[in-house]
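Everything below concerns the one structure shown next.
Residue numbers (my numbering): 436 to 511.
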């Protein structure tokens, strides 16, 4: 059974500072979203405008301590 959780989020082309040429490439997108009511995991699937996106990487903001937001990287 799939459970859907809405996110307050914005998607844009990946910032150059995150491009490493292997896991994250210049044609990828990054999705920045507020902390949801559940714990986010790499196994989650993001659905934006009806399109399922698989996360390549998931990073909390800030990297240490209690997250206030996340950045998910998806193929563009």
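For every residue, glycine included, the Cβ atom is placed at its ideal position computed from N, Cα and C.
Any idea what DSSP makes of residue 440, helix, strand or coil? As a first step, residue 440 must be located in the chain shown, where it is residue number 5. Residue 440 falls in the coil class under three-state DSSP.
Under 9 Å, do residue 469 and residue 443 count as touching if we go by C-beta distance? Here the question's residue 469 lines up with position 34 in the chain shown. Here the question's residue 443 lines up with position 8 in the chain shown. Their beta carbons are under 9 Å apart, which means residue 469 touches residue 443 by this criterion.
Where does residue 465 land, buried or exposed, given buried means 16+ other C-beta within 10 angstroms? Position 30 of the chain shown, counted from the start, is the residue given in the question as residue 465. For residue 465, the number of other beta carbons within 10 angstroms of its own is at least 16, and it is reported as buried.
To the nearest angstrom, how far is it from the Cα of residue 510 to the Cα of residue 485? Here the question's residue 510 lines up with position 75 in the chain shown. Here the question's residue 485 lines up with position 50 in the chain shown. Cα to Cα, the separation comes out at about 15 Å.
Under the DSSP definition of a beta bridge, which residues are partnered with residue 490? Taking the chain shown and counting its residues from 1, one reaches residue 490 at position 55. Residue 490 pairs with 509.
Considering only the beta carbon of each residue, do residue 473 and residue 446 sit closer than 9 Å? The residue labelled residue 473 in the question sits at position 38 within the chain shown. The residue labelled residue 446 in the question sits at position 11 within the chain shown. Residue 446 is positioned such that its CB atom lies no closer than 9 Å to that of residue 473.
Quick check on the DSSP output: the beta strand (DSSP E) that includes residue 458 runs from which residue to which? Here residue 458 refers to the residue found at position 23 when the chain shown is read from its first residue. Where residue 458 is concerned, there is no enclosing beta strand (DSSP E), given that its DSSP letter is neither H nor E.
Residue 475 beta carbon less than 9 Å from that of residue 507: As a working note, residue 507 is residue 72 in the chain shown. As a working note, residue 475 is residue 40 in the chain shown. In contact: residue 507 and residue 475 (Cβ atoms closer than 9 Å).
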